[in-house]
RNA sequence: GCCGUUGUAGCUUAGCUGGUAGAGCACUCGGCUGUUAACCGAGCGGUCAUCGGUUCGAAUCCGAUCAACGGCGCCA
């Protein structure tokens, strides 16, 4: 049994091979039949001639419907007329399963493709995206394992919210209510006291009523937490991470990126240093580019677009005003109204990472929790971490789906993962 | 929470100022020895989202309901 991609490479020219896969397209002209066969690696045309094979098998092949599964044996023949330059001259065929009429045809709408997502996953577009996604996730793991990090996990069921806002999904839990996690950060912070460097890949859930091209209610969250590292060091780590992931994608997924119509130069641009600007400078840049933003505002999508308008490289924004950010960000000891945090803004998709230094001094944390009016009781275990050998530490959270969206040049986040969940759609 | 758009065959759609619903693809049957999401001929397929109203007559006009899609804010 051979893979289609290897056959197309010419490894078996002139030899007889067997492939298995799914019918991609069929065409026939009397006693000739052309059936293209797809497997996970590619698509190849098979040519069947009634005279050169069992007539019953020929008729079965001629009648077979798109997406039927089959095994085909034949001789590999280079031929200019074949898409891909090689084709299989069929000697025998076994139809494993004869498909019913496949509902997806060349005329399709995005809406319909969401209804039949379980079938649309077979398309070249989705297959390419899913391979790219696999590479992104593999590269993230690889990078951190190579750099002395341990992979660990926080709970998905939590008793309280991690950040401000009321965007948690409630779940019945015996006689009480618990919530689906919206971040593993606080738990990773607990883990640094044994592992020092930890990362996790887990879904996060946000009950935001968002209907945008970059929001999901269930998204894949890659988070790290690192002892002994400050805000600037964390930006260094993130920049290297993004660069590593992007290069891996260029190396391993060039064909897929081409199918997706991605401009590779936009990815290559990550070799340049990522600009780092203070919040204030970011506001000025946005204003200069026509955004109506005032000092003290948080940034919306329009502002982020204005910021990255003239660049292909992601941009860091750091030193946000304290009031705009969650309680755990460490205020800059030099400027108490700013926090040692940063966001990483990618062109077109916007924020892909939010991170920074965490408060590690007990009195500062207590003050911040009180200022924000949070439930001190609920955070006791988190506060405890500042009582027993507290250390400076930093971390970040990355929206994996957004990174895939950005690297793949994908217009809407729902095309960046196999089964997207948003406010309205939870099927299939 | 706010703004906007759309529901006609399995899919993509045409249908003007109201007059008995038209096509392409898919599918079925027939033809074709080099097709490139082929071509030629025939066939199958529709409670025009739902409910109500106006009218001699509604896919078309009006109202309500339902559903879906796009975008903003929030965030990753």
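Residue numbers (my numbering): 6 to 433. In this text, a Cβ means the ideal position worked out from N, Cα and C, and glycines have one as well.
Could you check how far apart the C-beta atoms of residue 347 and residue 337 are, in whole angstroms? I think they sit under 8 Å.
Locating residue 347 in the first chain gives position 342, where the first residue counts as 1. Locating residue 337 in the first chain gives position 332, where the first residue counts as 1. Not quite, the Cβ-Cβ distance comes to about 12 Å (not below 8 Å), so this is no contact.
When we look at the beta-carbon of residue 262 and count the other beta-carbons within 10 Å, is it buried (16 or more) or exposed?
The residue given as residue 262 occupies position 257 in the first chain. Its Cβ being crowded by 16 or more others within 10 Å, residue 262 is buried.
Closest by CA to residue 94, which one among 53, 369, 334?
As a working note, residue 94 is residue 89 in the first chain. When the alpha-carbon of residue 94 is set against those of 53, 369, 334, the nearest one is in 53.
Hey, residue 401 and residue 358: beta-carbon distance below 7 Å or not?
Position 396 of the first chain, counted from the first residue, corresponds to residue 401. Position 353 of the first chain, counted from the first residue, corresponds to residue 358. For residue 401 and residue 358, yes; Cβs fall inside 7 Å.
What is the DSSP secondary structure of residue 289, reduced to helix, strand or coil?
To locate residue 289, count along the first chain from 1; it is residue 284. Reduced to three states, the DSSP call for residue 289 is helix.
What first and last residue would you give for the alpha helix (DSSP H) that runs through residue 139?
Taking the first residue of the first chain as 1, we reach residue 139 at position 134. 129–151 is the span of the alpha helix (DSSP H), which, as asked, contains residue 139.
Among 129, 186, 227, 79, whose alpha-carbon lies nearest the alpha-carbon of residue 19?
As a working mapping, residue 19 is identified with position 14 in the first chain. Here the closest residue by C-alpha is 79.
Please state the DSSP three-state secondary structure of residue 161.
Stepping through the first chain from its first residue, residue 161 is reached at position 156. Of the three classes helix, strand and coil, the one that applies to residue 161 here is coil, per DSSP.
I need the straight-line Cα distance from residue 105 to residue 283, nearest angstrom please.
Looking up residue 105 in the first chain gives position 100. Looking up residue 283 in the first chain gives position 278. C-alpha separation (whole angstroms): 59 Å.
Should residue 228 be labelled buried (16 or more other beta-carbon atoms within 10 Å of its own) or exposed?
The residue you call residue 228 lines up with position 223 of the first chain. Classification for residue 228: buried.
What's the gap between the Cα of residue 116 and the Cα of residue 369?
Along the first chain, one-based indexing puts residue 116 at 111. Along the first chain, one-based indexing puts residue 369 at 364. Looking at the two C-alpha atoms, the distance is approximately 50 Å.
Please tell me whether residue 251 and residue 234 are closer than 7 Å, where the distance is taken between their beta carbons.
Your numbering for residue 251 matches position 246 in the first chain. Your numbering for residue 234 matches position 229 in the first chain. It is not a contact, given that the beta carbons lie outside the stated cut-off.
Could you tell me the boundaries of the beta strand (DSSP E) in which residue 403 lies?
Locating residue 403 in the first chain gives position 398, where the first residue counts as 1. Counted as a single uninterrupted DSSP element, the beta strand (DSSP E) harbouring residue 403 occupies residues 398–404.
Span of the alpha helix (DSSP H) holding residue 388?
Indexing the first chain from 1 puts residue 388 at position 383. That run of the alpha helix (DSSP H) goes 385–389.
What do you reckon, are the CB atoms on residue 209 and residue 226 nearer than 7 Å?
Sequence index remark: in the first chain, residue 209 carries index 204 (1-based). Sequence index remark: in the first chain, residue 226 carries index 221 (1-based). Cβ distance < 7 Å, so residue 209 and residue 226 count as in contact.
Based on DSSP bridge pairs, tell me the residues matched to residue 348.
For the purposes of this step, residue 348 is taken as the residue at position 343 of the first chain. Per DSSP, 322, 359.
Can you have a look at residue 419 and say buried or exposed, based on whether 16 or more other CB atoms are within 10 angstroms of its CB?
As a working mapping, residue 419 is identified with position 414 in the first chain. Counting Cβ neighbours within 10 Å, residue 419 comes out buried, since at least 16 surround it.
Do residue 141 and residue 162 have their C-beta atoms closer together than 7 Å?
Taking the first residue of the first chain as position 1, residue 141 is located at position 136. Taking the first residue of the first chain as position 1, residue 162 is located at position 157. Cβ distance not < 7 Å, so residue 141 and residue 162 don't count as in contact.
Do you know offhand how far residue 156's Cα is from residue 377's?
Walking along the first chain from the start, residue 156 turns up at place 151. Walking along the first chain from the start, residue 377 turns up at place 372. Their backbone Cα atoms lie some 32 Å apart in a straight line.
Return the CA-CA distance between residue 48 and residue 100, expressed in angstroms with no decimal places.
For the purposes of this step, residue 48 is taken as the residue at position 43 of the first chain. For the purposes of this step, residue 100 is taken as the residue at position 95 of the first chain. So the alpha carbons of these two residues sit roughly 17 Å apart.
Using a Cβ-Cβ cut-off of 6 Å (strictly less than) and excluding sequence neighbours within five positions of residue 410, which residues of its own chain qualify?
The residue labelled residue 410 in the question sits at position 405 within the first chain. Cβ within range, chain order: 354, 418, 421.
To test your reading of the DSSP string, which unbroken beta strand (DSSP E) runs of 3 or more residues are found completely within the stretch 178–211?
181–185, 202–210
Going by DSSP in three states, residue 39 sits in which element: helix, strand or coil?
Looking up residue 39 in the first chain gives position 34. Strand.
Which residue wins for smallest C-alpha separation from residue 362, given the options 399, 201, 130, 312?
The sequence position of residue 362 within the first chain is 357, counting from 1. Out of 399, 201, 130, 312, 399 has the C-alpha closest to the C-alpha of residue 362.
Under 6 Å Cβ to Cβ from residue 148, same chain only, skipping five residues before and after it: list those, please.
Against the first chain, residue 148 aligns to sequence position 143. Here the set comprises 246, 249.
Write down the C-beta distance between residue 222 and residue 202 rounded to the nearest angstrom, noting that I regard them as a contact closer than 8 Å.
In the first chain, counting from the first residue as 1, residue 222 sits at position 217. In the first chain, counting from the first residue as 1, residue 202 sits at position 197. That pair is no contact at about 30 Å.
On a Cα-Cα basis, can you pick out the residue from 82, 255, 38, 56 that is closest to residue 413?
On the first chain, position 408 is the one that residue 413 refers to. Here the closest residue by C-alpha is 255.
What did DSSP end up calling residue 368 once you bin it into helix, strand or coil?
Taking the first residue of the first chain as 1, we reach residue 368 at position 363. DSSP places residue 368 within a helical segment (H, G or I) once states are collapsed to three.
Using 10 angstroms around the beta-carbon of residue 40, count the other beta-carbons present and answer buried if the total reaches 16, otherwise exposed.
As a working mapping, residue 40 is identified with position 35 in the first chain. That one is buried.
Going by DSSP, what residues sit across from residue 227 in a beta bridge?
The count along the first chain starts at 1 and reaches residue 227 at position 222. Paired residue(s): 206, 403.
Could you give the distance in angstroms between the alpha-carbon of residue 127 and the alpha-carbon of residue 277?
In the first chain, counting from the first residue as 1, residue 127 sits at position 122. In the first chain, counting from the first residue as 1, residue 277 sits at position 272. Between the C-alpha atoms of residue 127 and residue 277 there is a straight-line separation of about 36 Å.
So, is residue 92 buried or exposed, given that buried needs 16 or more other C-beta atoms within 10 angstroms?
Locating residue 92 in the first chain gives position 87, where the first residue counts as 1. Per the 10 Å Cβ criterion, buried.
Below 8 Å on the Cβ atoms is my contact criterion, and I expect residue 159 with residue 193 to pass it. Report the Cβ-Cβ distance as a whole number of Å.
The count along the first chain starts at 1 and reaches residue 159 at position 154. The count along the first chain starts at 1 and reaches residue 193 at position 188. Rounded to whole angstroms, the Cβ separation of residue 159 and residue 193 is 6 Å, and the two are in contact under 8 Å.
What are the boundary residues of the beta strand (DSSP E) that residue 282 is part of?
Here residue 282 refers to the residue found at position 277 of the first chain. Looking at the DSSP string, the run of the beta strand (DSSP E) that includes residue 282 is 281–283.
Using a threshold of 7 Å, state whether the C-beta atoms of residue 437 and residue 27 are closer than that.
An answer regarding residue 437 cannot be provided, because it is not within the stretch 6 to 433 covered by the chain.
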